[in-house]
Amino acid sequence: MKLGITIAIIGGIIAILGTIFHFQGYSVIGPQSSFMYSNPDWITYGLQIMFAGIGIIVSGIIIQIIRRN
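Shown next as structure tokens:
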């Protein structure tokens, strides 16, 4: 598998996890026994993790484009 695609996939997984953490902070998903559930800190942590994942996805795409040429 190519490096850029691998990095983009990892970034996608990180972005999905960040989205899940964000929604757990809002009490939308997850078990009520979780320390993240209804915790305002995890609303912002989830967004930060999601945006980091998006940045990694973009980096993977750029690497793939550069290596193709």
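Each position in the sequence shown, counted from 1, maps to that position plus 5 in this note's numbering.
In this text, a Cβ means the ideal position worked out from N, Cα and C, and glycines have one as well.
Hey, would you say residue i sits closer than 7 Å to residue j, going by beta carbons?
i: Q69; j: G17; result: no
i: A13; j: I66; result: yes
i: A5; j: G51; result: Coverage of the chain is limited to positions 6 through 74, which leaves residue 5 absent and any answer about it impossible.
Since residue i is in the alpha helix (DSSP H), which residue starts that stretch and which ends it?
i: F26; result: L8 to G30
i: F56; result: P45 to R73
Quick one: is residue i buried, meaning 16 or more other Cβ sit within 10 Å of its Cβ, or exposed?
i: F26; result: buried
i: Q37; result: exposed
i: Q29; result: buried
i: I62; result: buried
i: G60; result: exposed
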